[in-house]
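*Asks:* 2 is the number of the first residue of the first sequence in my numbering; add one for each residue after it.
Quick reminder that beta carbons are idealized off the backbone N, C-alpha and C, glycines included.
Let me give you the structure first, and then I'll get to my questions.
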Amino acid sequence: MASPASAPPAAALDPADLSAVRAALLAWFGRTARTLPWRGGQEGARDPYRVWVAEILLQQTQVARGTVYYDRFLTAFPTVQDLAAAPQEAVLKAWEGCGYYARARNLHRAAQQVAQDGFPHSYDGWLALPGVGPYTAAAVSSLALNEARAVNDGNVRRVLARLHAEPQPTPAWVQARADALLDSARPGAWNEAVMDLGATVCTPAAPRCGACPLQPWCAAFASGAPAAYPAPKVRAAVRDVPVVAVLIGTPQQAVLERRVGALLGGLMGLPAEPLASGETPQAALERLCARLPAHPGAFLGSLTHVMTHRRVTLHLYAAQADLPRHLVAQEALSRLDQKALALAAQPALL
DNA sequence: AAGTCGGGGGG
DNA sequence: CCCCCAGACTT
């Protein structure tokens, strides 16, 4: 007798399985594909600018949040020429609040390159642009150029780790499996299908295996504990970082400094200094005011802000100085500085 | 290979 | 509280 309807899943995917998996996932995608603002145009021939901006914006950013910033960014810069011609402050203002601001700085630089030389016409050409890595180059070249490149992102990693019940999928392992499974006739649709599956069905916690088109081939489902794959990553501990900052002026019109370096680089913010080891906030305030220079004033309040790898405790003071003020609403600020300004704007209860 | 870089969603 | 998210770059 042939295998029963509830046939046990194969331990590994043979060529026949690969073909069946492709057909099952693409059929599912044909029924359930999400409607997203960068998914206009013909399959495999999408607008490269719109796809590119979306892929940068969606790096380490969930789609539901990314769409908000996407609409704002595309309204500000409808074409790559508009983006290339803009000053960096305008680009960061359009990116304000979205995080990982190096993405915006690199996208801006790359746009100036593309405005000169035209859009790349291959995976390798895209990969050469600042801010474009293997994932983004594969996504844009498959979606806009119909090039057979398999994306490797968090969704793909999780879907493939479960399909093969691999608890420790290395990047190379994931890429090899993704390359083997890619439907090279429809690379754009295939890549979007895997990512849609990972985002809506094969979710990190509580996957909806009952709705999954790949369930018959999924070794993690067969194991009875699909959410155990892949094993959680070890993460760096969160450090506590105490900081003092000063408000000179008003929350609407204040002295601001441009941040330099990797952390919030290019954004504006209240003048601030980290506390040295064992230093009191008052001592750090004196150092900060000596640097500006300014006269220290009253304590306004404290707040905390978490940034993945650090937990910032900011102590805010008033200060007085004859220094140029900025219209705060016109500048690009981090969430941390927005919180500090909101604290200063509150009446002095609490 | 390991660190660093924001901010928010969802269990 | 925890983990994760349409990753890329630096060291």
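Which runs of the alpha helix (DSSP H) at least 4 residues long sit entirely within the segment 161-205? Give them in chain order.
*Replies:* 172-182, 188-201
*Asks:* Inspect the CB distances between the segment 45-56 and the segment 231-241 and report whether three or more fall short of 8 Å.
*Replies:* no
*Asks:* When the distance is taken between beta carbons, is residue 93 closer than 8 Å to residue 132?
*Replies:* As a first step, residue 132 is located in the first sequence; it is residue number 131 there, counting from the start. As a first step, residue 93 is located in the first sequence; it is residue number 92 there, counting from the start. Result no, Cβ atoms of residue 132 and residue 93 do not sit closer than 8 Å.
*Asks:* Name the residue from 234, 157, 291, 340 whose alpha carbon lies nearest to the alpha carbon of residue 356.
*Replies:* Missing from the structure shown is residue 356; the chain here goes from 2 to 351 and no further.
*Asks:* Using only CA atoms, which one of 306, 280, 252, 345 lies nearest to residue 331?
*Replies:* Taking the first residue of the first sequence as position 1, residue 331 is located at position 330. Measuring from the Cα of residue 331, the nearest candidate turns out to be 252.
*Asks:* Measure the alpha-carbon distance for residue 309 versus residue 319 and round it to whole angstroms.
*Replies:* Within the first sequence, the letter at position 308 stands for residue 309. Within the first sequence, the letter at position 318 stands for residue 319. Between residue 309 and residue 319, the alpha-carbon positions lie close to 28 Å from each other.
*Asks:* Tell me where the beta strand (DSSP E) around residue 241 begins and ends.
*Replies:* Within the first sequence, numbered from 1, the residue matching residue 241 stands at position 240. Element bounds for residue 241: 240-248.
*Asks:* Does the contact criterion of 3 or more C-beta pairs under 8 Å hold for the segment 220-230 versus the segment 166-181?
*Replies:* yes
*Asks:* Measuring only the C-alpha atoms, how far is residue 298 from residue 343?
*Replies:* For this step, residue 298 is matched to residue 297 along the first sequence. For this step, residue 343 is matched to residue 342 along the first sequence. Approximately 18 Å between the Cα atoms of the pair.
*Asks:* Can you grab the Cα-Cα spacing for the pair residue 182 / residue 127, in whole Å?
*Replies:* By one-based count along the first sequence, residue 182 stands at place 181. By one-based count along the first sequence, residue 127 stands at place 126. Taking the straight line from one Cα to the other gives about 23 Å.
*Asks:* Take residue 222 and list the residues in its own chain whose beta-carbon comes closer than 8 Å to its own, dropping the five residues that flank it on each side.
*Replies:* By 1-based counting over the first sequence, the position of residue 222 is 221. Answer for residue 222: 10, 163, 210, 213, 216, listed in chain order.
*Asks:* Are the Cβ atoms of residue 138 and residue 151 separated by less than 8 Å?
*Replies:* Position 137 of the first sequence, counting from 1, holds the residue named residue 138. Position 150 of the first sequence, counting from 1, holds the residue named residue 151. Note that the C-beta distance between residue 138 and residue 151 is not below 8 Å.
*Asks:* Closest to residue 62 by C-alpha separation, out of 200, 267, 312, would be which residue?
*Replies:* Here residue 62 refers to the residue found at position 61 when the first sequence is read from its first residue. Nearest option by C-alpha distance: 200.
*Asks:* Assess contact between the segment 114-130 and the segment 94-105, defined as three or more Cβ pairs (one per stretch) separated by less than 8 Å. Is contact present?
*Replies:* No contact exists between the segment 114-130 and the segment 94-105.
*Asks:* Kindly indicate which residue of 37, 248, 234 has the alpha-carbon position closest to the one of residue 155.
*Replies:* Translated into positions along the first sequence, residue 155 becomes position 154. In terms of Cα proximity to residue 155, the closest of 37, 248, 234 is 234.
*Asks:* Strictly by DSSP, which residues pair up with residue 297?
*Replies:* Within the first sequence, numbered from 1, the residue matching residue 297 stands at position 296. Its beta-bridge partners are 320.
*Asks:* In angstroms, rounded to a whole number, what distance separates the CA positions of residue 255 and residue 173?
*Replies:* Numbered from its first residue, the first sequence carries residue 255 at position 254. Numbered from its first residue, the first sequence carries residue 173 at position 172. Whole-angstrom Cα-Cα distance: 50 Å.
*Asks:* Below 7 Å CB to CB, which residues in the same chain sit around residue 346 once its five sequence neighbours on both sides are set aside?
*Replies:* Here residue 346 is taken as the residue at index 345 of the first sequence, counted from 1. Excluding the 5 residues flanking it on each side, residue 346 has same chain C-beta neighbours closer than 7 Å at 252, in chain order.
*Asks:* Looking at the structure shown, is residue 311 part of a helix, part of a strand, or coil, going by DSSP?
*Replies:* Mapped onto the first sequence, residue 311 falls at position 310. Residue 311: strand per DSSP, three-state reduction.
*Asks:* Quick one: Cα of residue 245 to Cα of residue 273, how far?
*Replies:* Walking along the first sequence from the start, residue 245 turns up at place 244. Walking along the first sequence from the start, residue 273 turns up at place 272. Rounded to whole angstroms, residue 245 to residue 273 spans 6 Å at the Cα level.
*Asks:* Straight-line CA distance for residue 1 to residue 294?
*Replies:* In the structure as shown, the chain begins at 2 and stops at 351. Residue 1 is therefore absent and cannot be evaluated.
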